[in-house]
């Protein structure tokens, strides 16, 4: 049963439903109830997959999204930028613009941008912030400078 599922299994379950475009709201609700107390154990990728799944199936679950946003911000400090990239991408999917976690992400991006090892994470953040119309000149300038320095590394 679902209460025995670990975070990866919970995330994979809703991901599979979304991939098949199965909008089983009772099952999404059950997964949410099981995920909330385990949210601290979710990997950045599992958090993102869960948000993508909900967005794909038009499931809006405010308590789950709040827990995911908070956990994503805690995981945003990972050295390769995956956590911060995933968090900005999640905000894009959920159309979140002006919340406190977005402000924290902008600050974290400014501090950590040069440490990111994966250029895809930088690209994802630029896309997320741009499509959310995040107007922050210093951050945009930092993204541009970073891209110029690393242009040969981008796919």
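In our numbering, the protein residues as written are 165 to 319. Glycine residues also receive a C-beta, built at the ideal position from the N, C-alpha and C atoms.
Residue from the options with nearest C-alpha to residue i
i	options	result
residue 287	302, 272, 315	315
residue 178	208, 223, 207	223
residue 213	231, 250, 189, 225	250
residue 221	181, 173, 230, 208	181
residue 271	301, 282, 295	301
residue 207	189, 173, 267	173
residue 169	209, 267, 198	198
Nearest-angstrom Cα separation, counted from residue j out to residue i
i	j	result
residue 167	residue 175	13 Å
residue 238	residue 185	30 Å
residue 304	residue 205	32 Å
residue 196	residue 228	6 Å
residue 233	residue 247	11 Å
residue 289	residue 252	6 Å
residue 203	residue 171	7 Å
residue 165	residue 291	38 Å
residue 307	residue 254	19 Å
residue 274	residue 310	11 Å
residue 317	residue 194	43 Å
residue 217	residue 230	15 Å
Cβ-Cβ separation, residue j to residue i (assumed contact under 8 Å), whole Å
i	j	result
residue 236	residue 211	5 Å
residue 219	residue 258	7 Å
residue 280	residue 245	3 Å
residue 296	residue 256	6 Å
Helix, strand or coil at residue i [DSSP, three-state]
i	result
residue 268	helix
residue 168	helix
residue 206	coil
residue 280	coil
residue 226	helix
residue 337	Residue 337 cannot be examined here, being either before or after the span of the chain that is shown, 165 to 319.
residue 245	coil
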